[in-house]
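S.K.:
Protein chains: 2
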Amino acid sequence: MVFVARAEGPWRAGRAGRGMGAEPKRTEEWADVTPDAARRLVTAAVAAFAERGYHATTTRDIAGRAGMSPAALYIHYRTKEDLLYRISAIGHRLALDLLRGAQRPGSDPATRLADAVRAFVRWHAEHHTTARVVQYELGALGEEHYAEIVGLRRETDAAIRGVIEDGVASGDFAVPDVTGTTLAVLSLCIDVARWFNAEGKRTPDEVGDLYADLVLRMVGHRAP
Amino acid sequence: MVFVARAEGPWRAGRAGRGMGAEPKRTEEWADVTPDAARRLVTAAVAAFAERGYHATTTRDIAGRAGMSPAALYIHYRTKEDLLYRISAIGHRLALDLLRGAQRPGSDPATRLADAVRAFVRWHAEHHTTARVVQYELGALGEEHYAEIVGLRRETDAAIRGVIEDGVASGDFAVPDVTGTTLAVLSLCIDVARWFNAEGKRTPDEVGDLYADLVLRMVGHRAP
DNA sequence: CCCCGGCCTGAGCAAGCGCTTAGCCGCCGT
DNA sequence: ACGGCGGCTAAGCGCTTGCTCAGGCCGGGG
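Going down the list, the protein sequences come from chains Y and S.
Numbering-wise (this note's numbering), the first sequence opens with residue 6 and increments by one.
Numbering-wise (this note's numbering), the second sequence opens with residue 6 and increments by one.
1) With 16 as the cutoff for other CB atoms within 10 Å, does residue 90 (chain S) come out buried or exposed?
2) Is it right to say residue 33 (chain S) is buried, meaning 16 or more other beta carbons lie within 10 angstroms of its own, or is it exposed?
3) Using a 10 Å radius around the Cβ and a threshold of 16 neighbouring Cβ atoms, would you call residue 10 (chain Y) buried or exposed?
4) Tell me the rounded alpha-carbon separation between residue 221 (chain S) and residue 58 (chain S).
5) Of all Cβ atoms in chain Y, is any one closer than 9 Å to the Cβ of residue 181 (chain S)?
6) Tell me, to the nearest whole angstrom, how far the beta carbon of residue 42 (chain Y) is from that of residue 73 (chain Y); I am working on the premise that it is less than 8 Å.
7) Return the Cβ separation of residue 191 (chain S) and residue 214 (chain S) in integer angstroms, given the expectation that the two are a contact with Cβ distance under 8 Å.
8) Buried or exposed: where does residue 85 (chain Y) fall if 16 or more other Cβ atoms within 10 Å of its Cβ makes it buried?
9) Give the residues from the segment 133-151 of chain Y that approach chain S closer than 8 Å (Cβ to any Cβ), ordered along the chain.
10) For residue 146 (chain S), which three-state DSSP category applies?
11) Is it true that the CB of residue 194 (chain S) sits closer than 9 Å to the CB of residue 150 (chain S)?
12) Can you tell me the Cα-Cα spacing of residue 87 (chain Y) and residue 135 (chain S), whole angstroms?
13) So, at 7 Å on beta carbons, what are the nonlocal neighbours of residue 210 (chain S) in its own chain, with the 5 sequence-adjacent residues on each side left out?
14) Is it buried or exposed, residue 216 (chain S), if we count other Cβ atoms within 10 angstroms and call 16 or more buried?
15) Can you find a C-beta in chain S that's less than 9 Å from the C-beta of residue 225 (chain Y)?
16) I need the straight-line Cα distance from residue 93 (chain S) to residue 113 (chain Y), nearest angstrom please.
17) Look at the alpha carbon of residue 185 (chain Y) and the alpha carbon of residue 105 (chain Y), and state the distance between them as a whole number of angstroms.
18) Within 10 angstroms of the Cβ of residue 142 (chain Y), are there 16 or more other Cβ atoms? Answer buried if so, exposed if not.
19) For a test of the three-state rule: what should DSSP assign to residue 79 (chain S), helix, strand or coil?
20) Quick one: which chain Y residues come within Cβ less than 9 Å of residue 186 (chain S)?
21) Applying a beta-carbon distance threshold of less than 7 Å, which residues of chain Y neighbour residue 222 (chain S)?
22) Decide if residue 120 (chain Y) is buried, meaning its Cβ has at least 16 other Cβ atoms within 10 Å, or exposed.
23) So what does DSSP say about residue 134 (chain Y), is it helix, strand or coil?
24) So if I threshold CB-CB distances at 7 Å, which residues from the segment 43-64 of chain Y count as touching chain S?
25) Let's test the definition: count the other Cβ atoms within 10 Å of the Cβ of residue 96 (chain S) and tell me whether it reaches 16, buried, or not, exposed.
26) Given this structure, state the Cα-to-Cα distance separating residue 204 (chain Y) from residue 83 (chain Y), to the nearest angstrom.
27) Which class does residue 120 (chain S) belong to by DSSP, given the choice of helix, strand or coil?
28) So the candidates are Y:70, Y:131 and Y:117; which of them puts its Cα closest to the Cα of residue 207 (chain Y)?
29) What first and last residue would you give for the alpha helix (DSSP H) that runs through residue 197 (chain S)?
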């Protein structure tokens with residue numbers, strides 16, 4: 006765990022200033038955050054929050070990474086917490102839509118569960134910095150924002166529980182405790198954001214496949 | 006009388022001061038931290054760190070919960086980080102010993118794995134505040150302390166991996182990817198600390214049993 | 001041409017942080 | 001009886017924090 010480059014100029018800690026197309030997905034992720042400066046602030050905040058945590062990150066650090074003065078942050082966001090809320094809301098929506106969109110309507114429960122888990126896990130691995138903030142920093146949200154985010158999380162839970170219930174009803178799965186198993190499956194997927202390392206030898210796709218298999222085993226699905 | 010004992014100074018945030026044996030296990034956990042004041046500081050710090058996170062917790066808050074003035078903390082611990090390190094080291098050792106001690110030497114891999122997971126998970130549920138600090142705040146440790154703790158974590162990983170390898174070798178388990186599965190099993194157990202709620206309807210024992218079953222499924226063990 | 005409004009900066013405020021210091025209190029052995 | 005000492009506190013130092021504010025730069029409409 007490295008301790009981040011000390012600044013070079015007055016602002017700008019590390020990081021070449023240019024946007025450059027090095028991370029195409031990452032850029033798309035915040036595509037509808039405008040104007041450009043607001044988007045740069047979001048990506049800077051995500052990087053900082055993921056690295057050090059919300060409370061250990063200063064507004065000066067965020068602004069510095071975005072190449073601006075500390076005061077510029079407050080033109081685009083009311084508070085530091087507001088910035089976290091924006092990230093959290095967008096991230097949760099993204100993950101939830103992914104989870105739902107991966108399931109093709111016609112297919113059997115096992116395929117739907119595997120597809121959902123694969124997509125969900127892949128996102129948590131690929132965007133593990135964003136996911137880290139989304140999943141582990143929500144305690145820093147204010148009460149109202151927190152309540153709103155919890156709503157999205159309940160939807161995510163319901164989505165997974167739904168597929169498992171379908172599988173149990175159709176006899177494809179053998180699950181003694183649906184609620185508990187749903188919790189475990191979600192927990193397993195979410196925690197990918199904590200340990201996944203981009204420099205490691207496992208790709209997001211590989212982790213997705215591995216986890217889809219593990220989850221099918223957990224719900225007692227007999228391999229074909 | 007009006008001398009309001011020194012027990013009730015301006016500090017002391019909430020919390021009735023009495024020790025009383027309300028939480029017997031929790032007390033045993035830090036049994037060999039002496040003197041008494043140092044132990045009170047540890048339990049106060051665990052509560053605060055678990056609730057708000059290390060960086061959002063102030064030394065004044067910790068001292069207040071322990072019923073002392075802020076300065077008293079520094080008689081027993083060099084820094085706030087030192088306090089975290091102590092908690093982290095003791096917690097990691099405890100969990101590791103539990104994980105190893107639960108496995109009875111003679112038994113077959115499935116029983117050993119189930120026993121290990123059950124004990125490990127039960128600890129994470131029962132002591133979820135301690136476990137939260139131990140598992141999710143290690144990023145706040147200084148470099149040397151962090152390195153030391155990582156050593157303990159590697160031992161934990163090796164312990165689980167060992168049982169799984171044994172099961173694969175004996176033909177009891179069917180695991181395509183031992184390293185990945187070990188990671189997933191550990192991740193699943195650890196994350197219990199994040200979501201477990203003492204007010205919830207699941208007891209630590211129930212979660213331990215559920216998880217032992219789930220893990221056996223993950224490693225492809227056929228139920229008896 | 002000027003002025004307007006969006007974007008940004010330099011300077012800085014009040015509050016709170018981790019930690020230190022000087023000194024007090026009461027229990028110990030002698 | 002008393003000196004030493006471990007355990008404690010009041011006070012506060014130096015610094016950083018989240019955030020504010022008066023003003024500057026610049027491109028576009030009148």
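Glycine is no exception: its CB is placed at the ideal position from the N, C-alpha and C atoms.
Since we're looking at a predicted model, the values are computed, not measured.
M.R.: Inspection of the coordinates gives the following:
1) Residue burial annotation: residue 90 (chain S) is buried, with at least 16 other C-beta atoms found within 10 angstroms of its C-beta.
2) Result: exposed.
3) Residue placement at residue 10 (chain Y) is flagged as unreliable, the pLDDT there being 33, under the threshold of 50; the coordinate-derived value follows with that caveat. Exposed.
4) Distance between the alpha carbons of residue 221 (chain S) and residue 58 (chain S): 33 Å.
5) Yes, contact with chain Y.
6) Yes, residue 42 (chain Y) and residue 73 (chain Y) are in contact; Cβ-Cβ is about 7 Å, under 8 Å.
7) With 8 Å as the limit, residue 191 (chain S) and residue 214 (chain S) do not qualify as a contact, their Cβ atoms being about 18 Å apart.
8) The C-beta of residue 85 (chain Y) has 16 or more other C-beta atoms within 10 Å across all chains shown, which makes the residue buried.
9) Against chain S - using a Cβ distance shorter than 8 Å - the residues of the segment 133-151 of chain Y are 141, 144 and 145.
10) DSSP places residue 146 (chain S) in coil when its eight states are reduced to three.
11) Taking 9 Å as the Cβ cut-off, residue 150 (chain S) and residue 194 (chain S) do not qualify as a contacting pair.
12) Distance from the CA atom of residue 87 (chain Y) to the CA atom of residue 135 (chain S), rounded to whole angstroms, is 30 Å.
13) Counting only Cβ-Cβ distances below 7 Å, and skipping sequence neighbours, we find 127.
14) Counting Cβ neighbours within 10 Å, residue 216 (chain S) comes out buried, since at least 16 surround it.
15) Yes, because at least one Cβ of chain S sits closer than 9 Å to the Cβ of residue 225 (chain Y).
16) Distance between the alpha carbons of residue 93 (chain S) and residue 113 (chain Y): 45 Å.
17) When rounded, the distance between both Cα atoms is 21 Å.
18) Counting Cβ neighbours within 10 Å, residue 142 (chain Y) comes out buried, since at least 16 surround it.
19) Residue 79 (chain S) falls in the helix class under three-state DSSP.
20) Result: 215 and 219.
21) What residue 222 (chain S) touches in chain Y: 222, 223 and 225.
22) By the neighbour-count rule (16 or more Cβ atoms within 10 Å), residue 120 (chain Y) is buried.
23) Note: residue 134 (chain Y) maps to helix in three-state DSSP.
24) Cβ contacts with chain S come from 58, 60 and 61.
25) By the neighbour-count criterion, in which 16 or more other beta carbons inside 10 Å mark a residue as buried, residue 96 (chain S) falls on the buried side.
26) Cα to Cα, residue 204 (chain Y) sits roughly 35 Å from residue 83 (chain Y).
27) Three-state result, residue 120 (chain S): helix.
28) The candidate whose alpha carbon is nearest that of residue 207 (chain Y) is Y:131.
29) 197-200 is the span of the alpha helix (DSSP H), which, as asked, contains residue 197 (chain S).
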